[in-house]
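These notes concern the structure reproduced below.
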Amino acid sequence: MLKQVSTRLSKVSILEIAQVLALILTLLMLVTPLIAGAQQGFQVPDPAQGNTGLPGDTSITAFIIRIINIALAIAGLVAVLFLIIGGFRYITAGGNEEAGESARKIITNAVIGIVVIILSFVIVRVISNALLGGTV
Numbered sequence: 284m285l286k287q288v289s290t291r292l293s294k295v296s297i298l299e300i301a302q303v304l305a306l307i308l309t310l311l312m313l314v315t316p317l318i319a320g321a322q323q324g325f326q327v328p329d330p331a332q333g334n335t336g337l338p339g340d341t342s343i344t345a346f347i348i349r350i351i352n353i354a355l356a357i358a359g360l361v362a363v364l365f366l367i368i369g370g371f372r373y374i375t376a377g378g379n380e381e382a383g384e385s386a387r388k389i390i391t392n393a394v395i396g397i398v399v400i401i402l403s404f405v406i407v408r409v410i411s412n413a414l415l416g417g418t419v
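In this note's numbering, the protein residues as written are 284 to 419.
Written out as structure tokens, the structure is:
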């Protein structure tokens, strides 16, 4: 039974999982402007007059920091996904030393990735507080 589950899991590649996640994120990005536009009545503000309709600071620095925060959030989700995959592979190793060691490496690398992502978030937060006075 465990061998069948492990065989099925090995047939599903990381690339296929990434393709499904990319499709879901693309669909969400296509729907989000419709939800946001419903509140404005689909009136597009004129950015040349400084009226973008965005709350808070609209400087390029704030925009870059927001992009970095979004990238860190996506990286965190990917790291948690790898942690789950590693845990599943460890559970389904069935006493196989090679599979168990491979799963331990995946879990270790995922935890290291999460630590790096958290430290990156802290660094971005400190820099944003220094540059923008804590507005992001």
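Glycine included, every Cβ here is placed at the ideal spot set by N, Cα and C.
{"Asked": "Rounded C-alpha distance that separates LEU414 from ARG349", "Found": "13 Å"}
{"Asked": "Proximity below 9 Å, CB of ILE397 to CB of LEU366", "Found": "yes"}
{"Asked": "N- and C-terminal bounds of the alpha helix (DSSP H) containing SER385", "Found": "380 to 415"}
{"Asked": "Contact check, ALA393 vs VAL363, beta carbons under 9 Å", "Found": "yes"}
{"Asked": "MET312 versus VAL303 - alpha carbon distance", "Found": "14 Å"}
{"Asked": "Nearest neighbour of VAL416, chosen from GLU380, SER342, ILE357 [CA to CA]", "Found": "Residue 416 is actually Gly in this sequence, not Val. For GLY416, the nearest C-alpha among the options comes from SER342."}
{"Asked": "CB contact flag (VAL407, ILE351, <9 Å)", "Found": "yes"}
{"Asked": "Proximity below 9 Å, CB of LEU355 to CB of SER403", "Found": "yes"}
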